[in-house]
Amino acid sequence: MTTQLKTLMDRAADLDFAAVDLDAITGAGDRTVRRRRVATGVAGLAAAAVVATGAVLLGGDDGDTKTDFSDDSFVTDVPMWTEGSVLHTPERTYDLGIDVLSFVRTSEGVVFTSQIGEETLGVYSFTGEGEPELIGETGDPHLRSDPDGPFAGWLDQSGDRAEAVVIDQESGERVWSAPARLEHSFPIVAIDSGSAYLADADEHPTHVVDLGSGEEDDLGSSGLGFVDAEGELTAYLLESPGGADLGLEIRGADGGPVEIRNDDGGYGVFSPGGRWISAAAEDVSVYDTATGESLDLGATGDREGFGYAWADVDTLMVLTDAGEADALDMLSCEIPSGDCTPIASFDLASGTVFAIPDSDILWSIARDEGSASEVEVEASAAEASSTERPE
Amino acid sequence: MVARDRAAFAEFVAARSGALHRAAYLMVGDVGLAQDLVQEALTKTYVAWPRLRDPANAEAYTRKAITNTAITWFRRKSWYGERPAEFVPESAAAGHADAVAVRSTLMGALAQLPPRQRAVVVLRYYEDLTEAQTAAVLGCAVGTVKSQGAAALGKLRDLMGDELDLTDLINNEGALA
């Protein structure tokens with residue numbers, strides 16, 4: 034075999050490359066692992082993770098789409114989920130016309146992704162009336178939003194250059210954008226109170242930008258993995274020096290950091306206003322952000338599962354073991370009492386994808402013929418990269 | 002929760018990132034893109050690290066991630082042809098006119114290959130993978146590697162003319178009729 038071609042390629046590639054940013058790699062990788070672990074845990078509740086279908090409404094909805102509804106407003110501070118193309122709320126359902134892969138809530142409506150090509154997701158806006166509006170394209174199903182405000186963000190890849198964008202869903206205008214790097218370095222890690230938290234490549238937030246004025250403030254470098262933000266509170270990962278998960282650390286404008294040690298980590302969601310935080314653990318767990326103490330949720334606290342989002346200041350949306358194989362229950366739980374109301378039961382039997390909002394996890398659980406317990410939660414598998422390379 | 006073995010991963014990165022960068026550069030023809038590609042692929046490798054177990058598996062996994070991500074990028078956007086001339090960093094070979102010319106000619110020719118053919122050239126004739134190993138990386142049949150390789154060599158021969166003698170390679174491989 035000739036060596037000339039190899040020699041020429043050796044010479045052509047004899048360049049000096051910049052050093053690999055190891056911290057960025059391990060930071061982004063750890064975050065991906067945590068997302069998968071949380072999702073796998075929830076899927077494991079149902080004994081085998083498969084595709085959710087046949088959601089049975091346990092109250093508040095007769096299951097029909099396009100039901101009569103006297104209130105014209107589109108209320109989003111309620112338990113919501115999607116099953117295929119149908120968006121469910123306690124009052125009614127909406128047929129969006131296209132299957133939903135992931136979605137977030139804003140005060141004005143929902144922003145969701147749907148497959149529109151082999152490796153392309155459409156980003157859609159729906160505010161309760163008419164048809165969903167296509168507002169962007171992406172290969173990354175992770176969305177950001179503030180359920181209390183009109184802003185939602187995503188990694189937009191509809192143009193020649195990928196960019197992180199934020200829209201005001203009330204006006205429909207893009208209010209902020211910035212060039213993005215790679216899939217794993219989507220710079221928006223949270224949106225809260227009219228501001229977007231921007232991170233460097235390892236997802237440590239470094240700046241916060243006011244989406245109204247465009248002004249940026251430097252957050253400094255805490256070196257801690259970011260979890261969530263609400264008002265003046267920010268939750269970070271609490272790790273051992275060796276990188277093992279210990280729990281969460283909450284920092285605020287007043288007082289020192291509050292530690293939540295539950296030997297887990299990676300997922301936490303503040304209640305609106307920040308009084309509570311729901312954290313991923315083996316059971317449903319809610320903590321007082323002022324003290325770090327775990328709330329006694331009675332029987333709810335013994336349920337396998339976790340609260341993945343807050344419908345309002347004291348209503349936690351929970352996914353939990355339905356007590357039988359291939360089923361998950363969605364509950365609406367009052368905090369701090371722990372009183373829960375069943376909302377829906379997901380029959381995990383066949384091909385429809387379902388999604389729940391506001392989670393940093395892609396809640397589409399796909400059947401893997403070779404492994405019933407396989408949960409596909411990231412679109413970043415090496416075998417099927419959906420990465421767009423921005424400039 | 003058990004922490005990932007960052008020290009072992011860091012050792013792997015230190016040992017292999019140079020070679021991975023060079024292969025990535027040959028696949029995409031852009032230093033900055035190659036660096037991003039390697040960074041992205043290593044992130045995936047880090048996630049998969051506990052089940053890869055040894056460096057050989059890790060390198061194969063990373064190579065597969067680089068290849069498939071590069072092909073995906075090319076499929077999604079035809080940005081490559083639209084890119085402005087990039088800054089090529091200095092190297093030991095840089096500064097020699099012939100080296101620059103070779104780089105320019107070869108990279109220009111590689112750039113005109115379809116993404117999968119280009120990947121086959123890099124994997125087979127730069128990385129020295131077998132046809133079966135190349136097929137495994139690309140997730141295709143060995144026959145596809147043969148046909149893609151043959152088409153790629155034929156096109157390279159046409160593009161580079163006397164600057165690249167592929168006769169023995171083509172004959173040995175039976176790559177072209």
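Chains A and B are the protein sequences, given in the same order. Heads up, my numbering is the position in the first sequence plus 33, with the first residue counted as 1. Heads up, my numbering is the position in the second sequence plus 1, with the first residue counted as 1. Glycine included, C-beta positions come from ideal geometry on N, C-alpha and C.
Check                                                                                                             : Outcome
Aspartate 163(B) - DSSP class collapsed to helix/strand/coil                                                      : helix
Distance, valine 39(B) Cα to alanine 15(B) Cα                                                                     : 13 Å
Amino acids of chain A, ordered along the chain, whose beta-carbon sits closer than 7 Å to that of arginine 52(B) : Correct list: empty, because the minimum Cβ distance to chain A is about 12 Å.
Closest residue to tyrosine 300(A) among Val291(A), Ser318(A), Phe107(A), Asp354(A) (Cα-Cα distance)              : Ser318(A)
Minimum length 3: unbroken beta strand (DSSP E) runs contained in the segment 336-363 of chain A                  : 338-345, 348-354
Per-residue burial, serine 311(A) [other beta carbons within 10 Å of its own, 16 or more giving buried]           : buried
Nearest-angstrom Cα separation, counted from arginine 23(B) out to alanine 47(A)                                  : In the sequence on display, residue 47(A) carries aspartate and not alanine. Aspartate 47(A) and arginine 23(B): Cα-Cα distance of roughly 7 Å.
is_contact[alanine 435(A), chain B] using C-beta, thresh 7 Å                                                      : Not covered by the structure: residue 435(A). The range shown for chain A is 34 to 424.
Partners in chain E for phenylalanine 259(A), counting only beta-carbon separations shorter than 8 Å              : You won't find chain E in this structure, because its protein chains are A and B.
Cβ contact check for the segment 361-369 of chain A and the segment 152-160 of chain A: 3 or more pairs under 8 Å : no
In DSSP terms, what alanine 268(A) is bridged to                                                                  : Asp261(A), Ile283(A)
7 Å Cβ cut-off: residues of chain A touching glutamine 36(B)                                                      : Phe50, Ala51
Which of helix, strand or coil DSSP assigns to alanine 80(A)                                                      : Model confidence at alanine 80(A) stands at a pLDDT of 35, short of 50, so the residue's coordinates are unreliable; what they give is reported in the following sentence. Here alanine 80(A) sits in coil by DSSP.
Within 7 Å, strictly: CB atoms of leucine 328(A) and proline 369(A)                                               : yes
7 Å Cβ cutoff, leucine 55(A) in contact with chain B                                                              : yes
Short Cβ contact (7 Å threshold) for valine 137(A) with alanine 344(A)                                            : no
Nearest to proline 375(A) (by Cα), restricted to the options Gly150(A), Met113(A), Arg194(A)                      : Met113(A)
Any chain B beta carbon closer than 7 Å to alanine 61(A)                                                          : yes
Distance CB(proline 116(B))-CB(isoleucine 72(B)) smaller than 7 Å                                                 : yes
Within chain A, partners of alanine 11(B) - CB distance below 8 Å                                                 : Leu55
Selected residue, minimal CA-CA separation from glycine 245(A), among Ser228(A), Val260(A), Phe259(A)             : Ser228(A)
Where the beta strand (DSSP E) through phenylalanine 136(A) begins and ends                                       : 135-138
Residue-level contact to chain A via CB, leucine 43(B), 7 Å cutoff                                                : yes
Helix, strand or coil at isoleucine 224(A) according to DSSP, with G and I counted as helix                       : strand
Arginine 294(A): first and last residue of the uninterrupted beta strand (DSSP E) it sits in                      : 291-294
Proximity of glycine 162(B) and methionine 108(B) at Cβ, strictly below 7 Å                                       : no
Rounded separation between valine 32(B) and alanine 45(A) - CA only                                               : 11 Å
Burial state of threonine 239(A) (16 or more Cβ within 10 Å)                                                      : buried
CB contact below 7 Å: methionine 363(A) versus chain B                                                            : no
Cβ-Cβ distance between methionine 350(A) and tyrosine 127(B) below 7 Å                                            : no
Inter-residue spacing [alpha-carbon to alpha-carbon] between aspartate 296(A) and arginine 177(A)                 : 26 Å
DSSP three-state assignment for phenylalanine 184(A), whether helix, strand or coil                               : strand
Glycine 307(A) vs glycine 264(A) beta-carbon contact at 7 Å                                                       : yes
Valine 143(B) at chain A interface by Cβ criterion, 7 Å                                                           : no
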